[in-house]
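What follows is a short report on a single structure.
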Amino acid sequence: MAEPSSTAATIATADPPVPATKSWADEADEETNASTAEAETSSVNLEALTIDDKEKNSSKLLDDPDDSNIQAVTSGDTPYTSAARFEDLSLSPELLKGLYVEMKFEKPSKIQAISLPMILSPPNRDLIAQAHNGSGKTTCFVLGMLSRVDPKVQAPQALCICPTRELAIQNIEVLRRMGKYTGIASECLVPLDRDAVHVSKRAPIMAQVVIGTPGTVKKFISFKKLGTTRLRILVFDEADQMLAEDGFRDDSLRIMKDIEKENSKCQVLLFSATFNDTVKNFVSRTVRMDHNKLFVKKEELSLDAVKQYKVYCPDELAKIDVVKDYIFEIGENVGQTIIFVRSKITARLTHEALVKLGYEVTSIQGSLSNEERDKVVKEFKDGLTQVLISTDILARGFDQQQVNLVINYDLPKKYGVRDEPDYEVYLHRVGRAGRFGRKGAVFNLICGELDERLMSKIENHFGTRVTEVRAQSVEEYKAALKEAGLLQ
DNA sequence: CGCGGCG
Numbered sequence: 001m002a003e004p005s006s007t008a009a010t011i012a013t014a015d016p017p018v019p020a021t022k023s024w025a026d027e028a029d030e031e032t033n034a035s036t037a038e039a040e041t042s043s044v045n046l047e048a049l050t051i052d053d054k055e056k057n058s059s060k061l062l063d064d065p066d067d068s069n070i071q072a073v074t075s076g077d078t079p080y081t082s083a084a085r086f087e088d089l090s091l092s093p094e095l096l097k098g099l100y101v102e103m104k105f106e107k108p109s110k111i112q113a114i115s116l117p118m119i120l121s122p123p124n125r126d127l128i129a130q131a132h133n134g135s136g137k138t139t140c141f142v143l144g145m146l147s148r149v150d151p152k153v154q155a156p157q158a159l160c161i162c163p164t165r166e167l168a169i170q171n172i173e174v175l176r177r178m179g180k181y182t183g184i185a186s187e188c189l190v191p192l193d194r195d196a197v198h199v200s201k202r203a204p205i206m207a208q209v210v211i212g213t214p215g216t217v218k219k220f221i222s223f224k225k226l227g228t229t230r231l232r233i234l235v236f237d238e239a240d241q242m243l244a245e246d247g248f249r250d251d252s253l254r255i256m257k258d259i260e261k262e263n264s265k266c267q268v269l270l271f272s273a274t275f276n277d278t279v280k281n282f283v284s285r286t287v288r289m290d291h292n293k294l295f296v297k298k299e300e301l302s303l304d305a306v307k308q309y310k311v312y313c314p315d316e317l318a319k320i321d322v323v324k325d326y327i328f329e330i331g332e333n334v335g336q337t338i339i340f341v342r343s344k345i346t347a348r349l350t351h352e353a354l355v356k357l358g359y360e361v362t363s364i365q366g367s368l369s370n371e372e373r374d375k376v377v378k379e380f381k382d383g384l385t386q387v388l389i390s391t392d393i394l395a396r397g398f399d400q401q402q403v404n405l406v407i408n409y410d411l412p413k414k415y416g417v418r419d420e421p422d423y424e425v426y427l428h429r430v431g432r433a434g435r436f437g438r439k440g441a442v443f444n445l446i447c448g449e450l451d452e453r454l455m456s457k458i459e460n461h462f463g464t465r466v467t468e469v470r471a472q473s474v475e476e477y478k479a480a481l482k483e484a485g486l487l488q
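Numbering follows UniProt numbering, in which position 433 of the first sequence is assigned residue number 433; successive positions increment by one, without gaps.
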């Protein structure tokens, strides 16, 4: 988990506050021009500031995850100085011990260096933060939550909402490790088992930090089992999905309002690797006007660390052949593999077909029981299984460093819109490989004209070329993985 | 031709 070094950047403040009439998308477009000037623009440029890595051209790891431009737009006249070391953040000794001893971190990653001062220093403005997949966003908000808790107060003070049960569990596990020496109590509020005690008969939550999924958190709040008056910080992980119209918008806004009602000064943090223009405009209006924001250009969102390929399949059955003849043959040499499918039934059927053919594979999707889901995830995280078939339940946030290969068995498609790929889901899926700047590869299985259109739209959107793997031979796939840096 | 997490 040791992260390569980056130069500390001092973030000066832009003179004029951002006019309310101006949309975030406008700023991003202007910044697209400004950032091409790179190092010369270390001074103030428009409202946005370019934070360049001064060591960009000096010797360092080729796949440094910090080799990126993060654009910062700060509000008001609060100057923020990037934190070169965790010591610069006035964290408690117990928290520092957790970072160094338990997490084995050496220094803040770029997004951590920039966002943590914004989160932790008064007046604790709201923050919208976009950062690359695998760049350490979780550490940002977990550290934010832990360090804003008053250990003397035995009541919920930090709350984090996640889109899936798995992500909530993963996040609380990170929080418990990081906060190991702090004595801070935490609780995970996720869909309960069928035979669990009903919320109305449960004791109120005493834990100081709570992480959960929207429905369950909402339920605990409405039954008055999760008090909101002492909350100081509210985090939405995968915030674009949490605030998307076809996502969890209603639940998220309800939770925000319930908290605001009794507690007007709760800081809100919105974190994600993706914010499309539609949701970008909306999220800016859900937080306070004087919020800060960090964002990156879509072309720079980690699609360069992971090599992309496409394989044309004459029919759906041929997809199974690609998986068994090529992916399984070469896969075991390159680490773990996740195969993403579009529906729960495809997950189950593909799993069954491969097992019938004698391959070792597991699958996960939302209609499995909690126990089954937990078991599959645990086996995969423990490295007991090499290949996992999954719906988009694991597309976002799932952190398993040994995953180097992602298969898009089905391409992600936007719901309701014909011929439109879901660019954000594509990026999140690809982001499951190449964690913390490691090398990775993705194979997109293309079947039919619709898939071809979706694929070319994805290429255009990210401005990347996806190489076709043409010859149907193991050697051809091995060559692709060599090119991706996964094989010798 | 839908994923999730809720009723």
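Each residue gets a CB set at the ideal place from its N, CA and C atoms; glycine is no exception.
Fair warning: this is a prediction, and the values are worked out from it, not measured in the lab.
Using the DSSP secondary-structure output, state which residues sit across from residue i in a beta bridge.
{"i": "Pro163", "result": "DSSP lists no partner for Pro163."}
{"i": "Gly212", "result": "Ile161 and Leu189"}
{"i": "Ser390", "result": "Phe340 and Ile364"}
{"i": "Leu294", "result": "Ala72 and Ala129"}
{"i": "Leu234", "result": "Leu159 and Val268"}
{"i": "Lys307", "result": "Ala441"}
{"i": "Tyr312", "result": "Ile446"}
{"i": "Lys413", "result": "Pro421"}
{"i": "Leu405", "result": "Thr337 and Ala441"}
{"i": "Thr467", "result": "Tyr309"}
Considering only C-alpha positions, which residue in the set the options is nearest to residue i?
{"i": "Tyr326", "options": "Phe380, Phe282 and Val387", "result": "Val387"}
{"i": "Asn408", "options": "Leu454, Arg373 and Arg438", "result": "Leu454"}
{"i": "Asp277", "options": "Leu243, Gln267, Gln308 and Lys180", "result": "Leu243"}
{"i": "Gln170", "options": "Tyr415, Arg373 and Ile339", "result": "Arg373"}
{"i": "Glu173", "options": "Ala441, Cys188 and Lys482", "result": "Cys188"}
{"i": "Gln401", "options": "Asp410, Asp237 and Lys439", "result": "Lys439"}
{"i": "Ile70", "options": "Lys293, Val355, Tyr415 and Val210", "result": "Lys293"}
{"i": "Lys482", "options": "Gly212, Lys137, Lys104 and Tyr309", "result": "Tyr309"}
{"i": "Ile345", "options": "Leu368, Glu332 and Val361", "result": "Leu368"}
{"i": "Ile389", "options": "Arg418, Ser456, Ser343 and Asp419", "result": "Ser343"}
{"i": "Leu349", "options": "Ser363, Gly358 and Leu99", "result": "Ser363"}
{"i": "Ser109", "options": "Met206, Ser82, Leu95 and Asp126", "result": "Ser82"}
{"i": "residue 491", "options": "Ala480, Thr464, Lys378 and Arg465", "result": "The chain is shown from 1 up to 488; residue 491 falls before or after that span and cannot be answered."}
{"i": "Asp126", "options": "Asn133, Thr74, Val142 and Glu94", "result": "Thr74"}
What separation, rounded to the nearest whole angstrom, lies between the Cα atoms of residue i and residue j?
{"i": "Lys478", "j": "Ile446", "result": "19 Å"}
{"i": "Thr50", "j": "Phe295", "result": "In this predicted model, Thr50 has a pLDDT of only 36, less than 50, meaning its place in the structure is not dependable enough to derive any value."}
{"i": "Asp64", "j": "Gly144", "result": "Legend: pLDDT at Asp64 = 43, less than 50; position of this residue unreliable, value from coordinates given subsequently. If you take the alpha carbons of Asp64 and Gly144, they lie about 24 Å apart."}
{"i": "Asp392", "j": "Val430", "result": "12 Å"}
{"i": "Leu89", "j": "Pro117", "result": "7 Å"}
{"i": "residue 510", "j": "Ala158", "result": "This structure cannot settle anything about residue 510, because the visible part of the chain is limited to 1 through 488."}
{"i": "Lys280", "j": "Arg288", "result": "14 Å"}
{"i": "Lys54", "j": "Ala395", "result": "Note on Lys54: pLDDT 36, under 50, position unreliable in the model; no value is reported."}
{"i": "Phe86", "j": "Gly397", "result": "24 Å"}
{"i": "Cys160", "j": "Ile339", "result": "28 Å"}
{"i": "Gly76", "j": "Asp290", "result": "7 Å"}
{"i": "Ser135", "j": "Leu234", "result": "21 Å"}
{"i": "Glu468", "j": "Leu175", "result": "41 Å"}
{"i": "Glu329", "j": "Asn370", "result": "32 Å"}
{"i": "Arg230", "j": "Lys356", "result": "54 Å"}
{"i": "Phe436", "j": "Val197", "result": "40 Å"}
{"i": "Arg249", "j": "Ile255", "result": "10 Å"}
{"i": "Lys297", "j": "Ile259", "result": "32 Å"}
{"i": "Ser456", "j": "Lys201", "result": "54 Å"}
{"i": "Gly428", "j": "Ile128", "result": "Note that residue 428 corresponds to His in the displayed sequence, not to Gly. The alpha-carbon atoms of His428 and Ile128 are separated by roughly 18 Å."}
{"i": "Ile221", "j": "Thr274", "result": "28 Å"}
{"i": "Glu476", "j": "Gln112", "result": "40 Å"}
{"i": "Leu375", "j": "Pro79", "result": "The sequence given here places Lys at residue 375; Leu does not occur at that position. If you take the alpha carbons of Lys375 and Pro79, they lie about 47 Å apart."}
{"i": "residue 489", "j": "Leu96", "result": "Any question about residue 489 goes unanswered here, given that the chain covers just 1 to 488."}
{"i": "Tyr415", "j": "Glu424", "result": "13 Å"}
Look at the Cβ atom of residue i, then the Cβ atom of residue j, and state whether they are nearer than 8 Å.
{"i": "Cys140", "j": "Ser121", "result": "no"}
{"i": "residue 505", "j": "Asp251", "result": "The shown model of the chain, from 1 to 488, leaves out residue 505, and the question about it has no answer."}
{"i": "Gln130", "j": "Ser272", "result": "yes"}
{"i": "Asp237", "j": "Leu303", "result": "no"}
{"i": "Leu270", "j": "Val283", "result": "yes"}
{"i": "Ala305", "j": "Gly227", "result": "no"}
{"i": "Asp419", "j": "Leu450", "result": "yes"}
{"i": "Ala433", "j": "Val403", "result": "yes"}
{"i": "Glu245", "j": "Arg177", "result": "no"}
Can you give the beta carbon distance from residue i to residue j, rounded, assuming they're within the 8 Å contact cut?
{"i": "Leu486", "j": "Val323", "result": "So it is not a contact: roughly 17 Å between Cβ atoms."}
{"i": "Val319", "j": "Cys313", "result": "Residue 319 is actually Lys in this sequence, not Val. Rounded, the Cβ-Cβ distance is 5 Å, consistent with contact."}
{"i": "Asp410", "j": "Val341", "result": "5 Å"}
{"i": "Thr213", "j": "Thr164", "result": "7 Å"}
{"i": "residue 538", "j": "Glu360", "result": "This structure cannot settle anything about residue 538, because the visible part of the chain is limited to 1 through 488."}
{"i": "Val209", "j": "Val149", "result": "6 Å"}
{"i": "Lys107", "j": "Ala84", "result": "7 Å"}
{"i": "Leu91", "j": "Ser147", "result": "6 Å"}
{"i": "Pro204", "j": "Lys225", "result": "5 Å"}
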